[in-house]
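Student: Submitted below is the structure of interest, expressed as structure tokens.
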Amino acid sequence: MKIKFLVIIGLLCSIGAFGIELSANYQESAPKYFKESGVVQGICYDYILALNKELEADNIKINNKNPSSPFVPWARMLSNLENGTTDIIVGAAISAAREEKYTYIKEPLYEVQSTFAKKKDFDFDFDGESSLSGMKINYVNGSKTGKYVAGLNDVIGEPVNSLEIALKKLNAGRCDLVYYHSLGLGYNIKKLNFDNLDVTKSGVKTYYHYIALNKNTPAKTVKAIEAALLRLKEKGEDIKIMEKYLN
Numbered sequence: 129m130k131i132k133f134l135v136i137i138g139l140l141c142s143i144g145a146f147g148i149e150l151s152a153n154y155q156e157s158a159p160k161y162f163k164e165s166g167v168v169q170g171i172c173y174d175y176i177l178a179l180n181k182e183l184e185a186d187n188i189k190i191n192n193k194n195p196s197s198p199f200v201p202w203a204r205m206l207s208n209l210e211n212g213t214t215d216i217i218v219g220a221a222i223s224a225a226r227e228e229k230y231t232y233i234k235e236p237l238y239e240v241q242s243t244f245a246k247k248k249d250f251d252f253d254f255d256g257e258s259s260l261s262g263m264k265i266n267y268v269n270g271s272k273t274g275k276y277v278a279g280l281n282d283v284i285g286e287p288v289n290s291l292e293i294a295l296k297k298l299n300a301g302r303c304d305l306v307y308y309h310s311l312g313l314g315y316n317i318k319k320l321n322f323d324n325l326d327v328t329k330s331g332v333k334t335y336y337h338y339i340a341l342n343k344n345t346p347a348k349t350v351k352a353i354e355a356a357l358l359r360l361k362e363k364g365e366d367i368k369i370m371e372k373y374l375n
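Per our numbering, the very first residue in the sequence shown carries number 129; after that it's consecutive.
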């Protein structure tokens, strides 16, 4: 009888120690998730680390589904979350169609803008399409943001193969603006040490990235994650994360 009692106690302890583990995939897309010197890092990865600290009291932890091969294409990430292969995505845009498939934490992680990089001494801020008249604008060929520039009249749109190339051309004075999303612009300007470049205050479009969960996630877990996110924001951890990766 004593042995059975000890076994039961042991099982209860192991369950308590294990708690709730939420599996995740990472999208290889700097500055959200990327590897530097073989170590995974990035804005969303750091959010996971910060959330895990806040969630310790709730016995909840977010872990990568496959640490030896952490990166998964975006379409597969969404599919995995929908079918329950994974439990959570940290860093996802929201739409009506996605809200039908996933449970979103209402509090956003951070803001994203479709916007422009420019030289600091260039007195320009976006004020509608007319403010771009006559500008030479570089954009990444095949990107969603590039479609906007390609459809504009009275501008010189120039596609390039990478954001790094576009910013180098801007730095050399070979274009007036570079159009992309604010995460990519801020991260690459900082990475390339282009201190004479910055991002315009106003952009074409503003949206947010959120935490998305599998639809079967218990309401108690959803509530705990949202509370953890609010706590880390109250402490200013979100600002520290963004400043670490963006100029």
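By construction, the Cβ of each residue, glycine as well, lies at the ideal position given by its N, Cα and C atoms. Note that this is a predicted model, so its numbers are computed, not measured.
Determine the DSSP secondary structure at Y328, reduced to helix, strand or coil.
Tutor: Checking the sequence shown, residue 328 turns out to be Thr, not Tyr. Looking at T328 - three-state DSSP - the assignment turns out to be coil, as it is neither helix nor strand.
Student: Could you give the C-beta distance for V283 and L260, rounded to a whole number, given that I count them as a contact under 8 Å?
Tutor: The Cβ separation is near 5 Å, so the contact holds.
Student: Span of the beta strand (DSSP E) holding L341?
Tutor: K333 to N342
Student: Use the C-beta contact count for D366: other C-beta atoms within 10 angstroms, 16 or more gives buried, fewer gives exposed.
Tutor: Around the CB of D366, 16 or more other CB atoms lie within 10 Å, so the residue is classed as buried.
Student: One question on the structure: do Y308 and T273 come within less than 9 Å of each other, judged by their Cβ atoms?
Tutor: Taking a C-beta distance under 9 Å as the contact criterion, Y308 and T273 qualify as a contact pair.
Student: Counting only the same chain and skipping the five closest in sequence on each side, list residues whose C-beta sits under 8 Å from that of L183.
Tutor: K189, I190, A352, I353 and A356
Student: In whole angstroms, what separates the C-alpha of W202 from that of Y154?
Tutor: 8 Å
Student: Compute the beta-carbon to beta-carbon distance between S310 and Q241, rounded to the nearest angstrom, for a pair I have assumed lies under 8 Å.
Tutor: 4 Å
Student: If the criterion is Cβ atoms closer than 9 Å, does the pair Y338 and A224 meet it?
Tutor: no
Student: Under 8 Å, with one C-beta from each stretch per pair, do the region 236-253 and the region 316-330 reach the 3-pair mark?
Tutor: yes
Student: Name the two residues that bound the continuous beta strand (DSSP E) containing L305.
Tutor: L305 to H309
Student: Please classify K329 as buried or exposed, where buried requires at least 16 other C-beta atoms within 10 Å of its C-beta.
Tutor: exposed
Student: Could you name the residues of the same chain whose beta carbon sits closer than 6 Å to that of C141, not counting the 5 residues immediately before and after it, in chain order?
Tutor: The predicted model places C141 with a pLDDT of 42, which falls under 50 and marks its position as unreliable, so this point remains unresolved.
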